[in-house]
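Per my numbering, the sequence shown starts with residue 62, numbered consecutively.
See structure below.
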Amino acid sequence: MTENRQITKAVIPAAGLGTRFLPATKAMPKEMLPVVDRPAIQYVVAEAVRAGLQDVLMITGRSKRALEDHFDRVPGLEASLAAKGDDEKLALVNEATALGDIHFVRQIDPQGLGHAVLCAKRHVGDEAFAVLLGDDLIGEQESLLEEMMKVQIATGGSVVALMEVEPESISAYGCADVTEIDGEDYVKVNGLVEKPAPEDAPSNLAIIGRYVLSPKVFEVLEQTGPGRGGEIQLTDALETLAQDTTPGGGVYAVKFTGRRYDTGDKLSYLKAVVELACAREDLGSGLKPWLKEFAKEL
Ligand code: UTP
Numbered sequence: 062m063t064e065n066r067q068i069t070k071a072v073i074p075a076a077g078l079g080t081r082f083l084p085a086t087k088a089m090p091k092e093m094l095p096v097v098d099r100p101a102i103q104y105v106v107a108e109a110v111r112a113g114l115q116d117v118l119m120i121t122g123r124s125k126r127a128l129e130d131h132f133d134r135v136p137g138l139e140a141s142l143a144a145k146g147d148d149e150k151l152a153l154v155n156e157a158t159a160l161g162d163i164h165f166v167r168q169i170d171p172q173g174l175g176h177a178v179l180c181a182k183r184h185v186g187d188e189a190f191a192v193l194l195g196d197d198l199i200g201e202q203e204s205l206l207e208e209m210m211k212v213q214i215a216t217g218g219s220v221v222a223l224m225e226v227e228p229e230s231i232s233a234y235g236c237a238d239v240t241e242i243d244g245e246d247y248v249k250v251n252g253l254v255e256k257p258a259p260e261d262a263p264s265n266l267a268i269i270g271r272y273v274l275s276p277k278v279f280e281v282l283e284q285t286g287p288g289r290g291g292e293i294q295l296t297d298a299l300e301t302l303a304q305d306t307t308p309g310g311g312v313y314a315v316k317f318t319g320r321r322y323d324t325g326d327k328l329s330y331l332k333a334v335v336e337l338a339c340a341r342e343d344l345g346s347g348l349k350p351w352l353k354e355f356a357k358e359l
């Protein structure tokens, strides 16, 4: 039974091809694109650690070295900064290394998000676990993951995060059909469909890149064949789990209304950089007046 166990593990898939961000992602994973001055993936790992998930497994693919190196020590650089007494920069260099216990596994062939999650089976074992997509940023002030973990512990099922989108945009996302539950602030998921055409979508509720899953998802993923785009889709496995009434089955959802950016999408990435930079103490005071002036010329 998973109900009384604490959730301790986070899985971060970061092995996708990142084709929406070409040519920048030709030789570099999109998760390494800088959002202000940190790679996107560092915000995601920090979010997992803030939620108490110290054990992080990253699923990497091609160009994995940049990801691994970013979370590794750099003795030469550290020694040089220490010799100069530059403690501020030394702290920045050590920030990613100090975050938590980070493990890596390679998804040899990027066969889809479901396949990437299945690569975590051996590391995760028979425990509920969180999945955070490496290119999806959630505002630092949000407590979405903590809320989702509570719902997983209360229900024993799997939990997705949903956001309302414009009906015509739903075809870019997984989409959920849900029912409210009396007295609860989470909802029951009746069914899920990956990237439906707007006219076939059961709602305008889009699945975003945070999940807290029952380990039963691994059994289901092993039986899930290629779906949309020829990829093994996590949404398809969750659709099977949504219909499963045995222990560990069932899918629930938390509706999210806060700030979220898809850094794998060029426009959303630009918005993330501007918003985060404006909110920064060291950059906001310089950027905001310039931005106001610039906006007048648009
Ligand atoms: P995306 O669909 O955003 O990734 O997958 P992608 O395939 O890299 O994107 P585009 O459309 O080509 O730009 C969501 C998450 O799942 C990971 C991605 O790295 C991203 O974090 N993923 C996707 C994998 O780890 N493996 C895969 O086979 C596919």
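C-beta: ideal position from N, C-alpha, C; glycine also.
For R341, the CB stays at least 7 Å from every heavy atom of ligand 1.
Comparing alpha-carbon positions, the option among D98, A88, M93 lying closest to D343 turns out to be D98. Rounded to whole angstroms, the separation of the alpha carbons of A112 and S204 is 8 Å. Secondary structure note for V192: its beta strand (DSSP E) is the uninterrupted segment 190-193. Between the alpha carbons of L194 and D116 lies a gap of roughly 16 Å.
About 22 Å separates the CB atoms of G270 and D162; that is not less than 8 Å, and the two are not in contact. Collapsing the DSSP output to three states places G137 in a helix. Look at R289 here: in three-state DSSP terms it is helix. Remark: the C-beta of G146 is outside contact range of ligand 1, defined as less than 7 Å to any heavy atom. Secondary structure at K70: strand, using DSSP grouped into helix, strand and coil.
The C-beta of E108 has 16 or more other C-beta atoms within 10 Å across all chains shown, which makes the residue buried. Each residue's CA atom was taken as its position, placing I120 and T307 some 29 Å apart. In terms of CA proximity to A75, R123 leads the group A191, G218, R123. Here DSSP, grouped into helix, strand and coil, assigns D343 to helix. A237 counts as buried, since no fewer than 16 other beta carbons sit within 10 angstroms of its beta carbon. For T240, the uninterrupted beta strand (DSSP E) segment begins and ends at 235-241.
For M89, the secondary structure class from DSSP, reduced to helix, strand or coil, is coil. For G270, the uninterrupted beta strand (DSSP E) run begins and ends at 266-274, by DSSP. Taking one beta carbon from each stretch, the stretch 294-304 and the stretch 325-337 have fewer than 3 pairs nearer than 8 Å; the two do not touch.
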